[in-house]
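Undergrad:
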Amino acid sequence: MKVGVPKETWAGETRVALIPASAAALKKSGVDVVVERSAGEAAGFTDAAFEQAGATVAGRADVFAAADIVLQVRAIPADLGALRPGQVVIGFADPLGAPDDVRVLASRGVTAFSMELMPRITRAQSMDALSSMATIAGYKGVLLAADRLPRMFPMMMTAAGTLAAAKVFVVGAGVAGLQAIATSRRLGAKVEAYDVRPAVKEQVQSLGARFVEMDLETQNAEDKGGYAKAQDESFYRRQREMMLRVVAATDVVITTALIPGKKAPTLVTQEMVEAMAPGSVVVDLAAERGGNCALTKPDEVVVHNGVAIIGPSNPPALVPYHASQMYSKNITTFLSHLLGKDGAKKPSLELDLSDEITRETLLAKDGDVVHSRVRELLGAAAR
Ligand code: NAD
235 MKVGVPKETW
245 AGETRVALIP
255 ASAAALKKSG
265 VDVVVERSAG
275 EAAGFTDAAF
285 EQAGATVAGR
295 ADVFAAADIV
305 LQVRAIPADL
315 GALRPGQVVI
325 GFADPLGAPD
335 DVRVLASRGV
345 TAFSMELMPR
355 ITRAQSMDAL
365 SSMATIAGYK
375 GVLLAADRLP
385 RMFPMMMTAA
395 GTLAAAKVFV
405 VGAGVAGLQA
415 IATSRRLGAK
425 VEAYDVRPAV
435 KEQVQSLGAR
445 FVEMDLETQN
455 AEDKGGYAKA
465 QDESFYRRQR
475 EMMLRVVAAT
485 DVVITTALIP
495 GKKAPTLVTQ
505 EMVEAMAPGS
515 VVVDLAAERG
525 GNCALTKPDE
535 VVVHNGVAII
545 GPSNPPALVP
555 YHASQMYSKN
565 ITTFLSHLLG
575 KDGAKKPSLE
585 LDLSDEITRE
595 TLLAKDGDVV
605 HSRVRELLGA
615 AAR
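Under my numbering, the residues of the sequence shown are numbered 235 to 617, in order.
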């Protein structure tokens, strides 16, 4: 069994799907690893480190030709033609956002798995790459804000007077939001947060932040997977009305609100930005999904009335060493799950579709899109 790790080709992508430590672990369990030359360079992992870990370093075409299983951060390579029928591909494929790409992947005859569709069950926690990447995004988002803000985060009592702590408002207190709260608190900011899911109130408070109560009906805000459900436009309008007051009084807004497979809700309006003091900062961590702020432009810093709106479309790529380390752990744990007890001794993957993790992540097999939600989306598009 041979695992191939191509260099990522997505613009601005600095992560690598597998790091040397994981390559060594795979090698120990009898799985050979072939890595494209300089695949880990942008993340700080040298070809020499991969070779020391027992991997082979090769050219791109050789990696695709040799690999039984291709591990990637972005599962749809620019050179799709390099994939061959029966080959296994594992990575982020944005199946709910770009289902047509999954159809293209399926047309290559590969067996494709999506890391995004990992079920949120205890057994799969160590394979949950979305949570890993959200942790990184929440941390980095705060640093981007702190770097831009013309103030310091902590309260300081100095001989030159008392400096007030920065006020941070985090919108969306899922994995990224909770990490943004924790990071802001570590830097000494005063933090407030809001989420449509009332269940997170205690988690917000346990991190030392204030949960902003909004008089909104949120009984039906969470699906059985723990994700937020989409609300209707009248809900979002009322939410924006309530948020205006909080945003106007804050130095930094960090938004992380997402609905799986949907465009991010617009929660921070131009009016709110105009109500903020000059020098304030909005970091929109939902930029890749259209953004939570009406003024966000992906990968640009928009300055409006003196307020900076920062919309990084790929925050984990700004922390590539640890993002790759976490992703590598997630993907190799998933790979071990697929290979089962026999591990490398298995000549090919015999997929156990009665297993929830395997079934829920499998996108395409034998030329067909097999995932029910992706098929529904494709069917809806065809109608
Ligand atoms: P996400 O990235 O899809 O969304 C981010 C946050 O935005 C969520 O907390 C969501 O409720 C919030 N949001 C959506 N619309 C909003 C709005 N209009 N206003 C304010 N907030 C809004 O979600 P996520 O962070 O990946 O995960 C959400 C939850 O899933 C976690 O907090 C956790 O409870 C659960 N989870 C469980 C596991 C597990 O059991 N293995 C793993 C990860 C996460």
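Beta carbons are placed, not taken as given, at the ideal position from N, Cα and C, and that holds for glycine.
Going by DSSP, what residue range makes up the alpha helix (DSSP H) through H538?
TA: Element bounds for H538: not the alpha helix (DSSP H) but the beta strand (DSSP E), 535-538.
Undergrad: Would the beta-carbon of T345 fall within 9 Å of that of L552?
TA: Not in contact: T345 and L552 (Cβ atoms no closer than 9 Å).
Undergrad: Roughly how far, in whole angstroms, is the beta-carbon of A520 from the beta-carbon of T490, given that I think they are within contact range, below 8 Å?
TA: Yes, they are in contact, since the Cβ atoms of A520 and T490 sit about 6 Å apart, within 8 Å.
Undergrad: Looking at the ligand NAD, does it come within less than 8 Å of V409, judged from the CB to the closest heavy atom?
TA: Yes, Cβ of V409 sits closer than 8 Å to a heavy atom of the ligand NAD.
Undergrad: Buried or exposed: which applies to L587, given that a residue is buried once 16 or more other Cβ atoms fall within 10 Å of its Cβ?
TA: Exposed.
Undergrad: Using the C-alpha atoms, what's the distance from N539 back to S570?
TA: Their Cα atoms are separated by approximately 52 Å.
Undergrad: The beta strand (DSSP E) that contains R318, what's its start and end?
TA: No beta strand (DSSP E) holds R318; DSSP gives it neither H nor E.
Undergrad: Determine whether the beta carbon atoms of I415 and G372 lie at a separation below 9 Å.
TA: A contact, by the Cβ cut-off of 9 Å.
Undergrad: Nearest to A251 by alpha carbon, out of M361, V480, D313, V336?
TA: Selected option, being the one with the closest Cα: M361.
Undergrad: Is M235 helix, strand or coil when you go by DSSP?
TA: Coil.
Undergrad: Check whether the Cβ atoms of G315 and E270 sit closer than 9 Å, and answer yes or no.
TA: Cβ atoms of G315 and E270: not closer than 9 Å.
Undergrad: Is any beta-carbon of chain B found at less than 9 Å from that of V405?
TA: Note that chain B does not occur in the displayed structure, where there is just one protein chain.
Undergrad: Are the beta-carbon atoms belonging to D296 and V268 less than 9 Å from one another?
TA: The answer is yes: Cβ separation under 9 Å.
Undergrad: Looking only at C-alpha atoms, which of D485, T503, K497 sits nearest to A511?
TA: Per the Cα distances, D485.
Undergrad: Would you say the beta carbon of Q439 is closer than 8 Å to some non-hydrogen atom of the ligand NAD?
TA: No; taking the cut-off as 8 Å, the Cβ of Q439 has no heavy atom of the ligand NAD nearer than that.
Undergrad: What residues match up with R290 in a beta bridge as DSSP calls it?
TA: Rather than Arg, the amino acid found at residue 290 in this sequence is Thr. DSSP output for T290 lists V268 as bridge partner(s).
Undergrad: Can you check DSSP and say which residues form a bridge with F403?
TA: Paired residue(s): E426, V487.
Undergrad: Tell me which same chain residues have a C-beta within less than 6 Å of the C-beta of N564, skipping the five on either side of it?
TA: Cβ neighbours of N564 beyond the five flanking positions: M361, A363, S366.
Undergrad: Between V291 and I303, is the Cβ-Cβ spacing less than 9 Å?
TA: No, these two residues do not count as a Cβ contact at 9 Å.
Undergrad: Applying the 10 Å Cβ sphere with the 16-neighbour rule, what's the burial state of T356?
TA: Result: exposed.
Undergrad: Would you tell me roughly how many angstroms separate the C-alpha atoms of A399 and M390, rounded to the nearest one?
TA: Rounded to whole angstroms, A399 to M390 spans 7 Å at the Cα level.
Undergrad: Just confirm the distance between the C-beta atoms of I544 and V507, as a whole number of angstroms; I'd bet it's less than 8 Å.
TA: Incorrect: roughly 12 Å between the Cβ atoms, too far for contact.
Undergrad: How is the alpha helix (DSSP H) around G411 delimited, first residue to last?
TA: Element bounds for G411: 409-420.
Undergrad: DSSP beta-bridge partners for D602?
TA: Paired residue(s): K599.
Undergrad: Who pairs with L305 in a beta bridge, going by DSSP?
TA: BP columns for L305 point to I324.
Undergrad: In whole angstroms, give me the CA-to-CA distance for R479 and Q286.
TA: One C-alpha to the other measures close to 57 Å.
Undergrad: Name the two residues that bound the continuous beta strand (DSSP E) containing V517.
TA: Residues 515-518.
Undergrad: Beta carbon of S341, beta carbon of A327: below 9 Å?
TA: Cβ distance not < 9 Å, so S341 and A327 don't count as in contact.
Undergrad: Flag Y461 as yes when its Cβ comes closer than 8 Å to any non-hydrogen atom of the ligand NAD, and as no otherwise.
TA: Within the cutoff, so yes.
Undergrad: To the nearest angstrom, how far is the alpha carbon of G495 from that of T392?
TA: Rounded to whole angstroms, G495 to T392 spans 49 Å at the Cα level.
Undergrad: Taking its Cβ as the centre, do 16 or more other Cβ atoms sit within 10 Å of S418, making it buried, or is it exposed?
TA: With 16 or more other Cβ atoms within 10 Å, it is buried.
Undergrad: Measure how close the beta-carbons of I591 and P329 come, nearest whole angstrom, since I'm counting them as under 8 Å.
TA: 16 Å between Cβ atoms; not a contact.
Undergrad: Specify the secondary structure class of P581 as computed by DSSP and reduced to three states.
TA: Caution is warranted here: a pLDDT of 44 is assigned to P581, below 50, making its placement in the model unreliable, and the coordinate value is therefore given only provisionally. Coil, per DSSP.
Undergrad: Leaving out the 5 sequence neighbours to the left and right, which residues in its chain are closer than 8 Å to N454 when beta-carbon positions are compared?
TA: The residues are K463.
Undergrad: Verify the contact flag: G343, CB atom, against every heavy atom of the ligand FAD, threshold strictly below 8 Å.
TA: Only the ligand NAD can be found as ligands here, which leaves the ligand FAD out of the picture.
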